[in-house]
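Going by full-length UniProt numbering, the first sequence opens with residue 1, and the numbers climb by one from there.
Quick reminder that beta carbons are idealized off the backbone N, C-alpha and C, glycines included.
As the structure is a computational prediction, the values presented were derived from the model and not from experiment.
Let me begin by presenting the structure, written as structure tokens, before commenting on it.
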Amino acid sequence: MSFQAPKGTFDWLPPRSEQVLAIREALAAPARLAGYGYVETPVFEDTQLFARGVGESTDIVSKEMYTFPDKAGRSLTLRPEGTAPVVRAVLQHGLHNGRLPVKVWYSGSQFRYERSQKGRYRHFWQVGAEALGAEDPALDAELIVLGARGYSSLGLTGVRLLVNSLGDKTCRPAYRAALQAFLRGLDLDEDTRSRVEINPLRVLDDKRPEVRAQLTGAPLVADHLCPACKAYHEEVRSLLGAAGVAFDDDPRLVRGLDYYTRTTFEFVHDGLGSQSAVGGGGRYDGLSEMLGGPPLPSVGWALGVDRTYLAMEAEGLLTDTEQEHVQVYGVPLGDDARRRMFLLVDELRRAGVSADMAFGGKGLKGSMKGADRSGARFALILGERDLAAQAVQLKDLTTAEQTEVPLAQVADILKGKVQ
RNA sequence: GUGGGUGUAGCUCAGGCGGUAGAGCGCCAGGUUGUGGUCCUGGAUGUCGAGGGUUCAAGUCCCUUCACUCACCCCA
């Protein structure tokens, strides 16, 4: 084997790939029911979009981007996340000049240059939803509920919801300063010390025990929220409760992207190895302005498709994997029959009956084997004798019962049988 | 970027202290020249991840390298 998928990437193959399609659809379905419209944006963007939108100080921008120059020397980057591109598209096309909020959803590939491990790949898939241009706790709650509904519609029971508020430009600076003051007094390694200066909130997310231990007395955002943020967050929480969506308050929940304000949330699952987030999002009231647009308070989430797959696998929801199969399988004997069978399966498909046939010039036995393995309920056997009689042998592969039917009537008869 | 584990047939894996490669499943053919599954018989699997070294001899020992995998950092 001379080629393989690039490092950190993998292929989805049948029958798993079918389930991935179903997962994408299920995660997006609630948003579609809530009036979110579908958007597609380029898989690569101007590098500066992410540098400014996601934040220079984030790991994503500082070390995880797939950045390359195009032939004209522009710096492009494979998108590491979906929110900045969506905001860019909304601003570029002036969607925010119409009815607000602009509600959109997307589904697609994301890329981050990282060492892969379980649940973390260089190429992964997200379904995302964004609501732009409205500051309303009901909108935050709506999105969170839609995400929760997506997971539960797949049968997942182990997804937990964590929520927090990061404050806004009124209260965040004071909290940030208080947190920095606290963190500067700790015994931390060099990388972490510089993170304290650049993005102190992210230090709260550190998993290392020696760091964790020192963080016990750290000031929490919850204690520093201004009255407006506090009221906003209370309203989001109470709407979630009213909708029957269970959640845990996690005052340590911060997100790795710079643009988040106020509401942040994460859907977590413990079946993903060391990774825990299956989805996450939050409010990003300042992002539009960072990208040169007008104030456009917004909220959104991204749900990880492949991580959701892993979560489902961990919960045993993928066991009875049914291979996609056709209803009817054609077994032609000889060249004349092959030509006729080619037309017959086409006719069946046009009649809405899924059909496949033996290819590769196999003999009868081999073709019947093919019929068996295709999972089809019926086999259609067509040889010279049948051709002469303008008939075909219809065999029920579950009972081995076989009857001869006129070629002209096969499609109708099968249409009735496979319903 | 750092650390651990693993690389042998399409898949899952054996291979004692170095002696020239194996099983199960799958695949193909036949048993049955117009009938699948079960059964029986037979067959093909391979640069033993790659390169180098030690040795009369390396899947096995040594070095290098690559890939996969898990974990850290971080995140979906």
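* To do: Determine the extent of the alpha helix (DSSP H) in which GLU234 is found, giving its start and end residues.
  => From DSSP, the alpha helix (DSSP H) with GLU234 extends over 227 to 242.
* To do: Go through its chain and collect everything with a Cβ distance to GLY167's Cβ below 8 Å, but skip five positions before and after it.
  => Closer than 8 Å at the Cβ level, and outside the excluded window around GLY167, lie TYR175, VAL221, HIS224, LEU225, CYS226, CYS229, THR261, ARG262.
* **Reference ARG283; option with closest CA among TYR232, GLY273, ASP270** => Looking at the Cα atoms, TYR232 is the closest of the given residues.
* To do: Might you give, ordered along the chain, the residues of its own chain that have their beta carbon closer than 7 Å to the beta carbon of ARG184, omitting 5 neighbours on each side?
  => Closer than 7 Å at Cβ, skipping near neighbours: VAL196.
* Own chain partners of VAL145 with C-beta closer than 6 Å, once the 5 adjacent residues on each side are dropped -> For VAL145, where only same-chain residues beyond five positions count, the Cβ hits under 6 Å are ALA243, VAL245.
* Beta-carbon contacts of TYR309 that lie in its chain and below 8 Å, excluding the five residues immediately before and after -> Listed in chain order, the non-local C-beta contacts of TYR309 below 8 Å within the same chain comprise ARG16, GLN19, VAL20, ILE23, LEU318, local neighbours out to five positions each way being set aside.
* To do: Name the two residues that bound the continuous beta strand (DSSP E) containing residue 464.
  => Coverage of the chain is limited to positions 1 through 419, which leaves residue 464 absent and any answer about it impossible.
* Asked: Thinking C-alpha only, which one of GLN126, ALA134, ALA89 is nearest PRO101?
  -> Looking from the CA of PRO101, the closest CA among GLN126, ALA134, ALA89 belongs to ALA134.
* To do: State buried or exposed for LYS7, treating a residue as buried only when at least 16 other CB atoms are found within 10 Å of its CB.
  => Classification for LYS7: exposed.
* Would you give the residue range spanned by the alpha helix (DSSP H) that THR308 belongs to? => Where THR308 is concerned, the enclosing alpha helix (DSSP H) stretches over 305 to 314.
* Asked: Within the chosen definition, does the segment 27 to 39 reach the segment 53 to 71 through at least 3 CB pairs nearer than 8 Å?
  -> Touching, no, given that fewer than three Cβ pairs across the two stretches are closer than 8 Å.
* Give the straight-line distance between the Cα atoms of residue 420 and MET312, rounded to the nearest whole angstrom. => For residue 420 there is no data in the structure shown, the boundaries of the chain being 1 and 419.
* Asked: Taking just the CA atoms, how far does VAL328 sit from ARG122?
  -> C-alpha separation (whole angstroms): 40 Å.
* Nonlocal neighbours in the same chain, by C-beta distance under 6 Å from LEU186, ignoring five residues either side -> So the qualifying residues of the chain are GLN214.
* For the segment 91 to 100 against the segment 151 to 158, are there 3 or more C-beta pairs whose distance is under 8 Å? -> Of all C-beta pairs linking the segment 91 to 100 to the segment 151 to 158, fewer than three are shorter than 8 Å, placing the two stretches out of contact.
* If I'm right that LYS395 touches ALA408 with Cβ under 8 Å, what's the distance once you round it to whole angstroms? => Not a contact, Cβ separation roughly 19 Å.
* Asked: How big is the Cα-Cα spacing for TRP12 and PHE124?
  -> Their backbone Cα atoms lie some 11 Å apart in a straight line.
* Asked: Do you know offhand how far ALA277's Cα is from PHE342's?
  -> Answer to the nearest angstrom: the Cα atoms are 49 Å apart.
* Reducing DSSP to helix, strand and coil, say where LYS365 ends up. => In this structure, LYS365 counts as helix in the three-state DSSP scheme.
* Beta-carbon contacts of ILE413 that lie in its chain and below 6 Å, excluding the five residues immediately before and after -> The beta carbon of ILE413 is closer than 6 Å to those of VAL405 in its chain, skipping five residues each way along the sequence.
* To do: Report, in whole angstroms, the separation of the C-beta atoms of ASP248 and LEU162, which I expect to be a contact under 8 Å.
  => Right, their Cβ atoms sit about 5 Å apart.
* When we look at the beta-carbon of VAL39 and count the other beta-carbons within 10 Å, is it buried (16 or more) or exposed? -> Around the CB of VAL39, 16 or more other CB atoms lie within 10 Å, so the residue is classed as buried.
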